[in-house]
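Quick note on my numbering: the sequence shown kicks off at 0 and runs consecutively. Glycine included, every Cβ here is placed at the ideal spot set by N, Cα and C. Worksheet for the structure shown next.
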Amino acid sequence: MIKISTTFKGTIGFIKKSDRLRLENIGVAYVKYAIDHQAYYRVMSSDYPRNSNQYPQLAQASNNAFNVLLDVIKAGQAAKVFNAQQLAHVCWSLVHGVAMLAIDNQFMSNDRTSVVELAQIATKTVSKGISA
Numbered sequence: 000m001i002k003i004s005t006t007f008k009g010t011i012g013f014i015k016k017s018d019r020l021r022l023e024n025i026g027v028a029y030v031k032y033a034i035d036h037q038a039y040y041r042v043m044s045s046d047y048p049r050n051s052n053q054y055p056q057l058a059q060a061s062n063n064a065f066n067v068l069l070d071v072i073k074a075g076q077a078a079k080v081f082n083a084q085q086l087a088h089v090c091w092s093l094v095h096g097v098a099m100l101a102i103d104n105q106f107m108s109n110d111r112t113s114v115v116e117l118a119q120i121a122t123k124t125v126s127k128g129i130s131a
């Protein structure tokens with residue numbers, strides 16, 4: 000299984016342009032991961048792993064993914080672009096919602112390209128709104 004934190008790090012690793020662009024790309028990577036790895040995504044986004052000591056590696060993987068997001072936001076905060084903790088939860092909620100709606104076939108056009116385009120619009124909207 001490809002860890003989502005590895006996917007995030009790979010996504011932001013080559014982006015040197017701006018904190019906003021890094022944040023937008025990490026959100027889109029989250030949605031792509033959910034679409035491409037639906038079973039893993041459903042398990043990692045349920046409350047079972049966090050409420051169980053039976054799968055500590057799964058809980059750690061979830062924390063690692065969130066920490067990558069938080070680190071991107073902290074970098075933006077240091078550059079006077081973002082407010083870290085609250086923004087991390089807002090961004091996480093947004094991309095989680097898009098991902099869940101996509102994998103549950105709730106969009107009118109649910110093909111991967113359309114969903115990725117929606118994720119791009121959503122993440123750009125948030126990043127522009129928070130940096131205004």
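Counting only the same chain and skipping the five closest in sequence on each side, list residues whose C-beta sits under 6 Å from that of Ala98. Val30 and Ala33
So Ala121 packs on Leu93, CB below 8 Å; how close in whole Å? 6 Å
Cβ-based neighbour list, Val115, same chain, cut-off 7 Å, excluding 5 preceding and 5 following: Val27, Val30 and Lys31
Buried or exposed: Asp35, going by 16 or more other Cβ atoms within 10 Å of its Cβ? exposed
Nearest-angstrom Cα separation, counted from Ser61 out to Tyr54: 11 Å
In the DSSP assignment, find the unbroken alpha helix (DSSP H) run with Asp70 in it and report its ends. Pro55 to Ala77
DSSP three-state label for His95, please. helix
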